[in-house]
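Engineer: Before anything else, here's the structure in question.
Protein chains: 2
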Amino acid sequence: MNEKQKRSGTEDLPLMQKITALCKRRGFVFQSSEIYGGLKSAYDYGPLGVELKRNLMQDWWRRMVHEREDVVGIDASIIMSPRVWEASGHVAGFSDPLVDCKLCKARFRADKAPAVTPGSEVEYRAHGKTLKGQAERGYVCPECGSPELSEERAFNLMFKTSLGPVDTADNTVYLRPETAQAMFVNFLNVQQTYRLRLPFGIAQQGKSFRNEITVEHFIFRSCEFEQMEMEFFCEPETSDTWLDYWKNERFDWYLSLGANPQKLRLRAHDKDELAHYARGCYDIEYEYPWGWDELEGIANRTDYDLRKHQEHSGKKLTYFDPARIDPATGKPGMHFLPHVIEPAAGATRSVLMFLLDAYDEEPPSEGRQEGRVVLRLHPRLAPIKVAVFPLVKKDEWLTAKSREIVKEFWRGSVNAFYDEKDAIGRRYARQDEAGTPFCITVDGQTRDDDTVTLRFRDDMRQERIPVAEAVDIVVRKLRP
Amino acid sequence: MNEKQKRSGTEDLPLMQKITALCKRRGFVFQSSEIYGGLKSAYDYGPLGVELKRNLMQDWWRRMVHEREDVVGIDASIIMSPRVWEASGHVAGFSDPLVDCKLCKARFRADKAPAVTPGSEVEYRAHGKTLKGQAERGYVCPECGSPELSEERAFNLMFKTSLGPVDTADNTVYLRPETAQAMFVNFLNVQQTYRLRLPFGIAQQGKSFRNEITVEHFIFRSCEFEQMEMEFFCEPETSDTWLDYWKNERFDWYLSLGANPQKLRLRAHDKDELAHYARGCYDIEYEYPWGWDELEGIANRTDYDLRKHQEHSGKKLTYFDPARIDPATGKPGMHFLPHVIEPAAGATRSVLMFLLDAYDEEPPSEGRQEGRVVLRLHPRLAPIKVAVFPLVKKDEWLTAKSREIVKEFWRGSVNAFYDEKDAIGRRYARQDEAGTPFCITVDGQTRDDDTVTLRFRDDMRQERIPVAEAVDIVVRKLRP
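Here it is in structure tokens:
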């Protein structure tokens, strides 16, 4: 039993409640279909949340695809041929052990249930009485504690549906449980059309779906989630070096967006934790309110996936290197299956991590009667980059000037927000909670000397700056 | 029967074949799961295609969300509560009339089958003979022409799946057939958390799924597709004005990205074409190789959707205007359901339109032995904005200098591409086909005076420019 299984996963600290409340109050994340009572573990991103998620995913794409010569992107269908999932092993093996409690009828995952010593005596409550019994297995019902349980049944985590008008076994298809397989299936198409030479990577972002029984921790584990994955194809003998490179590169990405290094760690998988095909694996973990848990996995998958797809499709998926000496012939020119390093990150999960990491409460202090809630998001992640306020709403010159400045930001591709409602202090407070790094206030002095007040979110410092410099000052903070 | 139904939809002009071949050859769009024989009507976007689609969707988001005070974005779950689709009418009514041919066993949509006069005599082929028969209905089998047909059955277009481990009616859920309903369901959440006043819009981009029987025209109509939709909530008496505003605004967006105005038109729906709840509707149509067909619809949906969700959820979805005089009381302060204008665009469909529109072939001319294929994509849409070539691959100074210039572009958030393979002429030709608007060549002279050759895709003009100006010249062309 590894560290993750030992945690019960239910005793979240109050921080999680604060984040959930903030998300709902300010429009980061809503429960899906809320007016209909919600849907288990489904979430909708509101106006601030969608911008945060887009910024995060765009920054990944910039760093992983645009700013590299050796990685290209794809965007594949969510519904792929079912044979893809037969080859990958998801149809046969991608399942959770599911158990029903005979007493209270709870349905739960065996590997998430409270652990006990098999054969030991356990106490549990039923019909208002405390009962005793013997635990046959290494766990009991998480609801009532009973050891009277059904057999374990394997339950496939893939969502099944039918392509075409009639539901038959013939037209069963699945919602992808991961984006990764599309990169393997498209490996040769991409390599050949883009004339790529090893080593190179194929990256993809998008939704994946897992019919999870245990959903937990808000958007941390939900049935519908968003991934950012890359498969890096390399010569077999270089794969250890590339695994090392990618674990560091990926760790550094989180730091580059301002994540607290004290709460991030790289953890090498133990031998017994490794998937059977993996030659090595690291998790990037974050210290969530419930403990250290996964953010991203970086695995050396060897040639396992390409080999499986080659077998199942009957199509040759080898790469040809005209220079490499083929040991079979002793001559240059060799066909072989590359090995693969896979950095697989969760976009949804990263949104939660950055929200938790950025959340701060400041108590009242000298000169400030009220405390404040502030999201110290990196400017590149912040949903709104700059808010522009006319000091007085009724002064038409001020409102027109403020809107002019907003448009200047838009022309510079900066997401600026205009707000004239309530007193300036309340407008600042609203932007602090939204994570907006800069506020600009237009006032009477602006009319005289074309300057405005620039206010910084983190230290609430205020500076007088010329309007003409405003866009440049903000844009500089947004550069990688 | 409208214009669309009269076209057979199969006699695509050769341009479609050219586009399909280019998409495959250059990595814009591949058939999904190709190594497994493909999947009906499912497509994967390759390295160039994913960039084109992202650019298109990003430009929509910029113009519809970022650069407007009155529109905010959301990103909702694909799997929503099934009650959403009961309220919207999709569970009961969202179906195609499906028919089987008794003779050749073809399954087809009644509303897409060849039209005949009911009661007329028709000829068809079976068992090697020409037969005659009487058409009972207004159509015959599209495969063999037979009038011997099964009854029409309604077939629901939504993909059905199960949330949770057991398939029961209780846990049936659907993949959304449109993104729009999420905006209605989240209307009050968004309005209240973002403190919005009428009129305002809620926008969303994302995948939708329809179990279409008739898929056609490459990525034009596929079961999995991507949408860009916005619901604009306004006072009931202003809805006609806003419909007018949005039809023009949306038409203008396509023009702003360089679409040929001769091939675009706005078409008002006839009274008998209108959905029963719609007060008015326009289609933006493009002249595809198979004729004029839909690109986007802009509809006045009145308060139909909010009213339906209010009824089904039992939750009040009215908007409160403190200033509006309530006719019931004669006093300020009124609760009412806003009316809605919906511009609903297809992202997948727009990608096809812009590819078709940009495709050009130039014959050989004086001074050029070979003709060329060129994609005249707007620079904002182009997957690669600028390609940088060292004149000679073996000169390390040239390759290093070229890569330095590429990095300068990256720092300016411009997607630049380095290429050193083959002769310069072939490198230009490759970029012409990819739609890259600018190429820069670094040569011996660069070493002396720090200038490079800038080559323009459209007219193949070449200019000598200082390296220091390169980024600015390109960035200026990318501004809206």
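Going line by line, the protein sequences match chains A and B.
To convert a position in the first sequence, counted from 1, into this note's numbering, add 181.
To convert a position in the second sequence, counted from 1, into this note's numbering, add 181.
The C-beta atom is built at its ideal place from N, Cα and C for all residues, glycine as well.
Remember, predicted model here, so these are calculated numbers, not experimental data.
1) Going by the DSSP bridge assignment, what does tryptophan 473 of chain B pair with across the sheet?
2) Return the bridge partner residues of threonine 311 of chain A from the DSSP annotation.
3) Going by DSSP, what residues sit across from serine 546 of chain B in a beta bridge?
4) Which residue or residues does DSSP assign as beta-bridge partners of arginine 290 of chain A?
5) With a Cβ-Cβ cutoff of 9 Å, do glutamate 407 of chain A and asparagine 367 of chain B count as a contact?
6) When you check each C-beta in the region 253–266 of chain A against every C-beta of chain B, which residues fall closer than 8 Å?
7) Would DSSP call methionine 182 of chain B helix, strand or coil?
8) Hey, out of B:Lys444, B:Pro470, B:Ser437, B:Leu424, whose CA is closest to histidine 450 of chain B's CA?
9) Going by alpha carbons, who is nearest to arginine 402 of chain B out of B:Ala539, B:Leu533, B:Asp576?
10) Taking only three categories from DSSP, how would you classify proline 560 of chain A?
11) According to DSSP, is aspartate 129 of chain B helix, strand or coil?
12) Skipping 5 residues on each side, what residues in its chain have a beta carbon closer than 6 Å to that of glutamate 589 of chain B?
13) At a Cβ threshold of 9 Å, is phenylalanine 432 of chain B touching chain A?
14) Answer yes if the region 525–539 of chain B comes into contact with the region 218–234 of chain B, meaning at least three C-beta pairs across the two stretches below 8 Å, and no otherwise.
15) Taking 8 Å as the threshold, find out whether the region 354–368 of chain B comes into contact with the region 285–300 of chain B through three or more Cβ pairs.
16) In chain order, what residues of the region 209–228 of chain B put their CB closer than 8 Å to some CB of chain A?
17) Starting from the Cα of tyrosine 305 of chain B, find the closest Cα among B:Leu330, B:Leu572, B:Leu436 and give me that residue.
18) Nearest-angstrom Cα distance between serine 389 of chain B and phenylalanine 637 of chain A?
19) Classify alanine 520 of chain B as helix, strand or coil using the three-state DSSP reduction.
20) What residue range is occupied by the uninterrupted alpha helix (DSSP H) comprising threonine 422 of chain B?
21) Evaluate contact between the region 561–570 of chain A and the region 601–618 of chain A, counting only Cβ atoms and requiring at least three cross-stretch pairs below 8 Å.
22) Checking 9 Å against the spacing of the C-beta atoms, do proline 380 of chain A and proline 519 of chain A come in under that value?
23) Any residues in the region 229–246 of chain A with a beta carbon nearer than 9 Å to a beta carbon of chain B? Which ones, in chain order?
24) So, with DSSP's three-state summary, where would you put arginine 638 of chain A?
25) Got a sec: which bits of the region 473–506 of chain A sit with their beta carbon under 7 Å from any beta carbon on chain B, in order along the chain?
26) Please report the distance separating the alpha-carbon of glutamate 192 of chain B from that of valine 321 of chain B.
27) Cβ of asparagine 392 of chain B less than 9 Å from any chain A Cβ?
28) Mind listing which residues of the region 357–381 of chain A have their C-beta closer than 7 Å to chain B's C-betas, in chain order?
29) Label threonine 622 of chain A either buried or exposed according to how many other C-beta atoms from any shown protein chain fall within 10 Å of its C-beta, with 16 as the threshold for buried.
30) In chain A, which residues lie less than 8 Å from cysteine 404 of chain B when you measure between Cβ atoms?
31) Excluding sequence positions up to five away, which residues of its chain have a Cβ less than 8 Å from the Cβ of leucine 438 of chain B?
32) Return the chain-ordered list of same chain residues with a C-beta closer than 7 Å to the C-beta of threonine 311 of chain B, the five sequence neighbours on each side being excluded.
33) Please name the residue in B:Asn392, B:Val280, B:Ala268 whose C-alpha comes closest to that of serine 494 of chain B.
34) Taking 9 Å as the threshold (beta carbon to beta carbon), is serine 594 of chain A in contact with chain B?
35) On the three-state DSSP scale, how would you describe threonine 499 of chain B?
36) Go ahead and label glutamate 317 of chain B buried or exposed: buried means 16 or more other beta carbons lie within 10 angstroms of its beta carbon, across all protein chains shown.
Structural biologist: Reading off the structure:
1) Listed as beta-bridge partners of tryptophan 473 of chain B by DSSP are B:Glu468.
2) Per DSSP, A:Arg306.
3) For serine 546 of chain B, which the question treats as bridged, DSSP gives the partners B:Arg549.
4) Residue pairing by DSSP places arginine 290 of chain A opposite A:Leu279 in a beta bridge.
5) No, Cβ-Cβ distance for glutamate 407 of chain A and asparagine 367 of chain B is not below 9 Å.
6) Among the residues of the region 253–266 of chain A, those with a Cβ less than 8 Å away from any Cβ of chain B are Val253, Gly254, Ile255, Asp256, Ala257, Ser258, Ile259, Ile260, Met261, Ser262, Arg264, Val265, in the order of the chain.
7) The predicted model places methionine 182 of chain B with a pLDDT of 32, which falls under 50 and marks its position as unreliable; any figure quoted below should be read in that light. Note: methionine 182 of chain B maps to coil in three-state DSSP.
8) Checked all of B:Lys444, B:Pro470, B:Ser437, B:Leu424; the closest Cα to histidine 450 of chain B is B:Leu424.
9) Nearest C-alpha to arginine 402 of chain B: B:Leu533.
10) Proline 560 of chain A: coil per DSSP, three-state reduction.
11) Because chain B here runs from 182 to 661, residue 129 of chain B falls outside it and cannot be looked at.
12) Val652.
13) False, the Cβ-Cβ gap to chain A never drops below 9 Å.
14) Touching, per the Cβ criterion.
15) Not touching, per the Cβ criterion.
16) Listed in sequence order: Phe211, Ser213, Ser214, Glu215, Ile216, Tyr217, Gly218, Gly219, Leu220, Lys221, Ala223, Tyr224, Asp225, Tyr226, Gly227, Pro228.
17) Checked all of B:Leu330, B:Leu572, B:Leu436; the closest Cα to tyrosine 305 of chain B is B:Leu330.
18) Cα to Cα, the separation comes out at about 41 Å.
19) Checking the sequence, you will find histidine at residue 520 of chain B rather than alanine. Strand at histidine 520 of chain B.
20) From DSSP, the alpha helix (DSSP H) with threonine 422 of chain B extends over 420–437.
21) Yes: at least three Cβ pairs fall under 8 Å.
22) When the beta-carbon positions are compared, proline 380 of chain A and proline 519 of chain A come within less than 9 Å of each other.
23) Against chain B - using a Cβ distance shorter than 9 Å - the residues of the region 229–246 of chain A are Leu229, Gly230, Val231, Glu232, Lys234, Arg235, Gln239, Trp242, Arg243, Val246.
24) Three-state DSSP puts arginine 638 of chain A in coil, outside helix and strand.
25) His490, Ser494, Lys496: these are the residues of the region 473–506 of chain A whose beta carbon lies less than 7 Å from some beta carbon of chain B, given in chain order.
26) Note on glutamate 192 of chain B: pLDDT 38, under 50, position unreliable in the model; the coordinate value appears next. Near 19 Å, if we compare the C-alpha coordinates of valine 321 of chain B and glutamate 192 of chain B.
27) Asparagine 392 of chain B counts as touching chain A.
28) Against chain B - using a Cβ distance shorter than 7 Å - the residues of the region 357–381 of chain A are Ala363, Val366, Asn367, Asn370, Val371, Thr374, Tyr375, Arg376.
29) With 16 or more Cβ atoms within 10 Å of its Cβ, threonine 622 of chain A is classed as buried.
30) Chain A residues near cysteine 404 of chain B: Ile260, Leu344.
31) Contacts found: Leu237, Asp240, Phe535, His559, Arg561, Leu562.
32) For threonine 311 of chain B, the CB contacts under 7 Å within the same chain, skipping 5 residues up- and downstream, are Glu304 in chain order.
33) When the alpha-carbon of serine 494 of chain B is set against those of B:Asn392, B:Val280, B:Ala268, the nearest one is in B:Ala268.
34) Interface residue (Cβ-Cβ distance to chain B less than 9 Å): serine 594 of chain A is classified as such.
35) Coil at threonine 499 of chain B, not helix or strand.
36) When all chains shown are included, glutamate 317 of chain B counts as exposed.
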